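Under the working numbering, the first residue of the sequence shown is numbered 3, with each subsequent residue one higher.
Only one structure is covered here, and it is reproduced in the block below.
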Amino acid sequence: MTDFAATKAMFDLPQGITYLDGNSLGPLPRKAAARVAQAVSAEWGQMLIGGWNRAGWMDLPRRLGDRIAALIGAQAGHVVLGDTLSIKVYQALASALDMRPTRRVILSDTGNFPSDLYMAAGLCRTLGDGYVLNTVAPEDVAGAIDDRVAVLMLTEVDYRTGRRHDMAALTRAAHDAGALVIWDLAHSAGAFAVDLAGCGADFAVGCTYKYLNSGPGGPAFIYVAPRHADVARPALSGWLGHEAPFAFDLDYRAGAGIDRMRVGTPPVLQLAALEAALDVWDGVDLHDLRSASQALMDQYIAGVEAVCPDLILATPRAHDARGSQVSFRHPQAYAIMQAMIARGVVGDFRAPDVIRCGFTPLFIDAGDVARAVAVIGDIMQNRLWDNPAYHTRAKVT
Ligand SMILES: *Cc1c(COP(=O)(O)O)cnc(C)c1O
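What follows is the structure, given as structure tokens:
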């Protein structure tokens, strides 16, 4: 059994805070602070440019990619880190479209994160030539897959509601129709076990600053299935994806396998933070993680529904149909979340009316959930949200 009291002790959580927002920005692993300090002083400070070789900076995107591969069911050697998730979505999409040259449709759903859809729409505009992004309701995706679809691009877990797609079934349906599939694992990687290889996914992308705790601005990852790794043509053909970056040739030749999905200089300090953050996973069994997170979500839903009849559950109750977050709807969701934060229970508000909380047993336990429920109950029963201070919107919600 995984020792979740031990994993909780690995995080530097502020006193008095119940942090239910690791699904937006994971908290600080204690070792990450020390590791970043070392990368700054001992590596950058003392090795200067020699750090690229001596401290192994250049290999970090692949080395840490292998550790993430183990968490998402990917084959070692087929995941690489770099850039932001939006960029990785664009890269995966451009390569996938290129592999289905006679088709023009990108199919996605209206529950997808807007940036993924914006990147797809922008790519269609750049390509011209009849490329279109078609979005349907999440429950209508399977029925909308036909032989015009080049790429099915989905985020497995809906950022707003927590609804989870059936990755295996949708991948099979898309392949049966001759389409390729890109899975965005932003709310999956580190939340539960993913089986990319088992599902036969073509591409996958995800971020590391949510459930993987790499810190604000941590790099994203991309996976390309081994059967496509030397076929996929990179649209963002930067020098570090070149077969021989230090030959400084004038012609671009894509590097071998996943290396071609690298673009430019890797974010070394963020990767150092990620490296330490990944150590938290060493003693974690992903099946234990999933069952503990389901128990926390069940406890939270039952507790909130018992004391707050006005909050409407937006997340599926069925375990298989949800990720690792729970959302409730209320017209005053923004003010309610501000009142919660003022009482030390940190989650987030998602427009227009969602109160979203993430539950990871890595640093949340049943006592934290009980405290959150008590605070929300007090806020709702005593209308504590009805205070002008809680209605002013900050830039980042
Ligand atoms: C968090 C998230 C993003 C954010 O993209 P960045 O480029 O890292 O800012 C994109 N897509 C999904 C599905 C997300 O959940």
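We treat Cβ as the ideally placed atom computed from N, Cα and C, and that holds for glycine.
This one's a predicted model, so the numbers in the text were calculated from it and none came from an experiment.
Nonlocal neighbours in the same chain, by C-beta distance under 6 Å from residue 70, ignoring five residues either side: In the sequence shown, counting from the first residue as 1, residue 70 sits at position 68. Excluding sequence positions up to five before and after residue 70, its CB lies within less than 6 Å of the CB of 81 and 223, all in the same chain and listed in chain order.
Start-to-end residues for the alpha helix (DSSP H) that takes in residue 282: One-based indexing of the sequence shown puts residue 282 at position 280. Careful: residue 282 lies outside any alpha helix (DSSP H) and carries neither H nor E.
N- and C-terminal bounds of the alpha helix (DSSP H) containing residue 93: Translated into positions along the sequence shown, residue 93 becomes position 91. From DSSP, the alpha helix (DSSP H) with residue 93 extends over 87 to 100.
Integer Cβ distance of residue 28 from residue 215, believed to fall under 8 Å: Walking along the sequence shown from the start, residue 28 turns up at place 26. Walking along the sequence shown from the start, residue 215 turns up at place 213. Contact flag correct, Cβ pair sits at about 3 Å.
Start-end ranges of the beta strand (DSSP E) lying completely within the segment 159 to 191, minimum 3 residues: Correct list: 182 to 186.
Nearest neighbour of residue 180, chosen from 101, 345, 375 and 117 [CA to CA]: Residue mapping note: residue 180 aligns to position 178 of the sequence shown, counting from 1. It is 101 whose Cα lies nearest to the Cα of residue 180.
Among 204, 287, 166 and 367, the one whose alpha carbon lies nearest that of residue 301: Here residue 301 is taken as the residue at index 299 of the sequence shown, counted from 1. Ranking 204, 287, 166 and 367 by Cα distance to residue 301 puts 367 first.
Top-ranked residue by Cα proximity to residue 169, from 201, 123 and 73: For the purposes of this step, residue 169 is identified with residue 167 of the sequence shown, where counting begins at 1. Of the candidates 201, 123 and 73, the one whose C-alpha sits nearest the C-alpha of residue 169 is 201.
Residue 282 versus residue 262: straight-line alpha-carbon distance, rounded: Sequence index remark: in the sequence shown, residue 282 carries index 280 (1-based). Sequence index remark: in the sequence shown, residue 262 carries index 260 (1-based). If you take the alpha carbons of residue 282 and residue 262, they lie about 29 Å apart.
Check: residue 122 C-beta below 6 Å from any heavy atom of ligand 1: As a position in the sequence shown, residue 122 is number 120, starting the count at 1. Flag unset: Cβ of residue 122 not near ligand 1.
Proximity test, residue 206 beta-carbon vs ligand 1 heavy atom, cut-off 6 Å: Counting from 1 along the sequence shown, the entry for residue 206 is found at position 204. Incorrect: residue 206 has no Cβ contact closer than 6 Å to ligand 1.
For residue 137, three-class secondary structure by DSSP: Within the sequence shown, the letter at position 135 stands for residue 137. DSSP places residue 137 in strand when its eight states are reduced to three.
7 Å Cβ cutoff met for residue 146 and residue 109: Walking along the sequence shown from the start, residue 146 turns up at place 144. Walking along the sequence shown from the start, residue 109 turns up at place 107. Yes; because the gap between Cβ atoms is below 7 Å, this pair is in contact.
Beta-carbon proximity list for residue 126, same chain, < 8 Å, skipping 5 on both sides: Against the sequence shown, residue 126 aligns to sequence position 124. 108, 133, 134 and 135, listed in sequence order.
Buried or exposed (CB count within 10 angstroms, at least 16 for buried), residue 252: Looking up residue 252 in the sequence shown gives position 250. In the assembly as shown, residue 252 is an exposed residue. Its beta-carbon has fewer than 16 other beta-carbons within 10 Å.
Proximity test, residue 187 beta-carbon vs ligand 1 heavy atom, cut-off 6 Å: The count along the sequence shown starts at 1 and reaches residue 187 at position 185. Not under cutoff, so the answer is no.
Contact test: residue 87 Cβ vs ligand 1 heavy atom, cutoff 6 Å: As a first step, residue 87 must be located in the sequence shown, where it is residue number 85. Yes - ligand 1 has a heavy atom lying nearer than 6 Å to the Cβ of residue 87.
Residue 12 in three-state terms, based on DSSP: Locating residue 12 in the sequence shown gives position 10, counting from the first residue. In the structure shown, residue 12 sits in coil (DSSP, three-state: anything other than H, G, I, E or B).
Three or more C-beta pairs below 8 Å linking the segment 10 to 26 and the segment 207 to 214: yes
7 Å Cβ cutoff met for residue 153 and residue 182: Translated into positions along the sequence shown, residue 153 becomes position 151. Translated into positions along the sequence shown, residue 182 becomes position 180. Cβ atoms of residue 153 and residue 182: closer than 7 Å.
Rounded C-alpha distance that separates residue 19 from residue 363: Within the sequence shown, residue 19 is the residue found at index 17, counting from 1. Within the sequence shown, residue 363 is the residue found at index 361, counting from 1. Answer to the nearest angstrom: the Cα atoms are 15 Å apart.
Anticipated Cβ contact below 8 Å, residue 57 with residue 68, distance rounded: As a position in the sequence shown, residue 57 is number 55, starting the count at 1. As a position in the sequence shown, residue 68 is number 66, starting the count at 1. Contact doesn't hold; Cβ gap of about 18 Å is too wide.
Unbroken alpha helix (DSSP H) run spanning residue 296, endpoints: Against the sequence shown, residue 296 aligns to sequence position 294. Where residue 296 is concerned, the enclosing alpha helix (DSSP H) stretches over 288 to 309.
Beta bridge counterpart(s) of residue 244 as assigned by DSSP: Here the question's residue 244 lines up with position 242 in the sequence shown. Answer is 256.
Cβ-Cβ distance between residue 89 and residue 196 below 7 Å: Here residue 89 corresponds to residue number 87 of the sequence shown, with the count starting at 1. Here residue 196 corresponds to residue number 194 of the sequence shown, with the count starting at 1. No, these two residues do not count as a Cβ contact at 7 Å.
Beta carbon proximity, residue 299 to chain D, threshold 7 Å: Looking for chain D here will not work: only one protein chain is present.
Residue 148 Cβ short of 6 Å to ligand 1 heavy atom set: Sequence index remark: in the sequence shown, residue 148 carries index 146 (1-based). No, ligand 1 has no heavy atom inside 6 Å of this Cβ.
Distance CB(residue 13)-CB(residue 365) smaller than 7 Å: Mapped onto the sequence shown, residue 13 falls at position 11. Mapped onto the sequence shown, residue 365 falls at position 363. Yes, Cβ-Cβ distance for residue 13 and residue 365 is below 7 Å.
Residue 329 beta carbon less than 7 Å from that of residue 356: Your numbering for residue 356 matches position 354 in the sequence shown. Your numbering for residue 329 matches position 327 in the sequence shown. Yes, these two residues count as a Cβ contact at 7 Å.
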